[in-house]
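To convert, take the position in the sequence shown, counting from 1, and add 8; that gives the numbering used here.
Each residue gets a CB set at the ideal place from its N, CA and C atoms; glycine is no exception.
Note that this is a predicted model, so its numbers are computed, not measured.
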Amino acid sequence: MEHAEFNKDLLKFLNSSPTPWHAVATMKVQLDAAGFEELDEKDDWSLEPNQGYYAIRNGSSIVAFRTGTRDVSASGIRMVGAHTDSPCLKVKPNPEVRRKGFFQLGVEVYGGVLLNPWFDRDLSLAGRVTVLDEDGEVRDTLLDFRKPVAFIPSLAIHLDREANSNRTVNPQTDLPPVVMQVPESDTTSFADLLRQQIATESGMKVRKVLGYELSFYDASEASFIGLRDEFIASARLDNLLSCYIGLQSLLKTSGDEAALLVCNDHEEVGSMSAEGAQGPFLASVLERWCGAGKSRAIARSMMISADNAHGIHPNYMDKHDENHGPQLNEGPVIKVNHNQRYATNSRSAAVYRHISDELGLPHQTFVVRSDMGCGSTIGPLTAGNLGVTTLDIGVPQFGMHSIRELIGTEDGYTLFRVLTEFMQRDRVL
């Protein structure tokens with residue numbers, strides 16, 4: 009895959025994946041097209057050598073793998089991990105708010121959202137809805153309005169003269185988006201609106217909406233930015249970018265070596281769920297694949313946890329350690345924290361640096377300032393659960409956890425090239 013094609017397809021992936029469920033559905037389409045076989049966790053598995061498979065849990069997490077041509081207990085597994093979720097505003101179960109003729113929806117803050125950028129944006133709505141259909145069957149369906157349907161208006165500065173110096177955001181009272189105007193006699197429910205949209209999108213007739221998991225998202229599409237198009241701006245770059253890179257790397261590999269991609273949901277809220285990195289999903293897949301040889305396979309394996317890194321901001325350079333300020337378009341960032349907020353050790357970092365150097369590609373290193381706290385990833389969780397040697401790495405970005413984020417056009421492709429080589433090495437440790 010050439011550089012330009014890689015980035016253009018990245019934009020398509022981001023635009024088609026407004027929620028974790030849509031991201032997994034998009035990945036499933038590409039895996040199916042590449043000849044991978046879907047596995048159902050409820051069924052017995054009979055895995056063949058040199059074949060691709062994938063399993064999906066909750067519709068929002070996925071494990072895809074190639075079995076390779078050798079006994080996995082002798083070859084080990086080249087693993088890449090990422091997460092499908094991003095900080096956002098999720099619709100509450102009983103969301104209807106009517107004020108002065110405006111129909112609004114109550115929202116819950118999901119993850120560590122940077123809230124101010126959500127104001128004055130064209131917002132759309134997407135997610136999973138569970139319904140009772142016309143045949144009396146309980147079914148899940150994906151929904152995406154695909155157009156601006158909501159807006160969170162700022163309070164004019166004339167009504168808050170301290171807005172630029174002392175304004176805070178109250179998530180309960182300040183964030184309910186406006187979705188339409190209605191007369192006082194209106195009795196439209198949110199469920200009514202969902203039934204109408206489902207009928208429009210799929211033609212399905214819905215007796216009753218039984219539940220939903222819906223998120224607002226930035227309706228502006230991903231785009232190239234800069235006088236020389238050297239940047240990409242988009243929602244959900246953290247961490248759909250890594251999901252896309254991992255998927256393309258897995259699809260590109262020869263298939264001779266055992267390789268795996270896991271994309272977990274719920275990283276932004278701690279990963280403690282059935283489909284999160286603290287849950288049993290990955291371990292369950294590995295047990296069914298490796299059988300009695302799982303421990304030997306893990307001892308020969310390595311996980312690269314890919315999750316975006318903080319690029320040094322030209323307006324806030326003092327927020328980085330003076331010797332560890334990653335720059336956009338200067339290479340992926342090896343993330344180090346000796347307090348184990350990142351799982352990188354000298355050996356796992358050396359594996360990545362060696363491959364990258366062999367390919368003549370750049371890499372950088374990030375360590376948080378000693379007077380600041382450090383974030384984390386699925387890396388330490390996976391390392392602790394499986395006992396697998398792990399590296400934390402990521403593409404440098406600006407505006408992490410904002411409604412719209414920024415990366416360079418070079419770094420994702422660089423990471424793709426290294427991960428592709430990593431996934432087809434006959435030995436990694």
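(request) Please report how far the alpha carbon of PHE21 lies from the alpha carbon of TRP126, in whole angstroms. (result) When the Cα atoms are used, PHE21 and TRP126 turn out to be separated by approximately 22 Å.
(request) Taking VAL71 and LEU259 to be in contact with their CB atoms under 8 Å, please state how far apart those CB atoms are, rounded to whole angstroms. (result) Not really, about 15 Å apart at Cβ, beyond 8 Å.
(request) Just tell me which of ALA12, HIS362, GLN372 and ASP329 has its CA closest to the CA of GLU338. (result) GLN372
(request) Determine contact between the region 373-391 and the region 96-104, defined as no fewer than three beta-carbon pairs at a distance below 8 Å. (result) no
(request) Name, in chain order, the residues that DSSP records as bridge partners for VAL404. (result) Sequence inspection shows Pro at residue 404; the Val mentioned does not correspond to that position. ALA317.
(message) On the DSSP letters alone, give me the boundaries of the beta strand (DSSP E) that SER223 sits inside.
(response) 214-226
(request) Give the secondary structure of MET311 by DSSP, where H, G and I count as helix, E and B as strand, and everything else as coil. (result) strand
(request) Could you work out which residue in GLY368, LYS216, GLY287 and ARG175 is closest to ARG425 when comparing CA atoms only? (result) GLY368
(message) Within 8 Å, do at least three Cβ pairs link the region 231-249 to the region 401-411?
(response) yes
(request) Could you tell me the distance, in whole angstroms, from the CA atom of ARG304 to the CA atom of PHE111? (result) Spanning the two alpha carbons is a distance of roughly 58 Å.
(request) Taking all protein chains shown into account, decide if SER54 is buried (16 or more other Cβ within 10 angstroms of its Cβ) or exposed. (result) Classification for SER54: exposed.
(message) Please report the distance separating the alpha-carbon of HIS321 from that of GLU170.
(response) 26 Å
(request) Give the range of the alpha helix (DSSP H) segment to which ALA357 is assigned. (result) 354-366
(message) For ASP182 and ALA314, I'd like the C-alpha separation in whole angstroms.
(response) Approximately 34 Å between the Cα atoms of the pair.
(request) Measure the alpha-carbon distance for GLY60 versus THR428 and round it to whole angstroms. (result) 15 Å
(message) Quick check on the DSSP output: what are the complete beta strand (DSSP E) runs of length 3 or more inside the region 111-167, in order along the chain?
(response) 131-141 and 146-152
(request) Have a look at the DSSP bridge pairing and note the partners of SER271. (result) According to the sequence shown, residue 271 is Cys rather than Ser. Paired residue(s): ILE70 and ALA90.
(message) Within 10 Å of its beta-carbon, does SER279 have 16 or more other beta-carbons around it, so buried, or fewer, so exposed?
(response) buried
(request) Excluding the 5 residues preceding and the 5 following LEU245 in the sequence, name in chain order all residues of the same chain whose CB lies nearer than 7 Å to its CB. (result) ASN316, GLN405, GLU413 and ILE415
(message) I need the DSSP call for THR417, collapsed to helix, strand or coil.
(response) coil
(request) For the alpha helix (DSSP H) holding LYS260, just list the boundary residues, first then last. (result) 245-260 is the span of the alpha helix (DSSP H), which, as asked, contains LYS260.
(message) Just verifying my parser: in three-state terms, what is the DSSP assignment at THR34?
(response) helix
(message) Within 10 Å of its beta-carbon, does LYS108 have 16 or more other beta-carbons around it, so buried, or fewer, so exposed?
(response) exposed
(request) Could you work out which residue in GLY420, ARG435, VAL99 and GLN432 is closest to HIS11 when comparing CA atoms only? (result) GLY420
(message) Pull the bridge partners of CYS96 from the DSSP assignment, please.
(response) Partner(s): TYR118.
(request) State yes or no: is the C-beta of ALA134 within less than 8 Å of the C-beta of PRO57? (result) No, the pair does not count as a contact, with Cβ atoms beyond the cut-off.
(request) Would you kindly work out how many angstroms separate the C-alpha atoms of GLN85 and THR385, rounded to a whole number? (result) Here residue 85 turns out to be Ile, not Gln, going by the sequence shown. Cα to Cα, ILE85 sits roughly 20 Å from THR385.
(request) Alpha carbon to alpha carbon, how far is LEU222 from ARG147? Give it in angstroms, no decimals. (result) 16 Å
(message) Looking at the secondary structure, which residues open and close the beta strand (DSSP E) in which ILE233 lies?
(response) 231-233
(message) For a test of the three-state rule: what should DSSP assign to ASN331, helix, strand or coil?
(response) coil
(request) Would you kindly report the start and end of the unbroken alpha helix (DSSP H) that includes GLU295? (result) Segment 289-298, the alpha helix (DSSP H) holding GLU295.
(request) Mark ASP365 as exposed unless 16 or more other C-beta atoms lie within 10 angstroms of its C-beta, in which case mark it buried. (result) exposed
(request) Work out the CA separation of MET188 and LEU113 for me, nearest whole Å. (result) 10 Å
(message) I need the straight-line Cα distance from GLU275 to GLY119, nearest angstrom please.
(response) 9 Å
(message) DSSP three-state label for PRO370, please.
(response) PRO370: coil per DSSP, three-state reduction.
(request) Take the Cβ of VAL99 as the centre, count every other Cβ of all protein chains shown within 10 Å, and call the residue buried at 16 or more, exposed below. (result) Result: buried.
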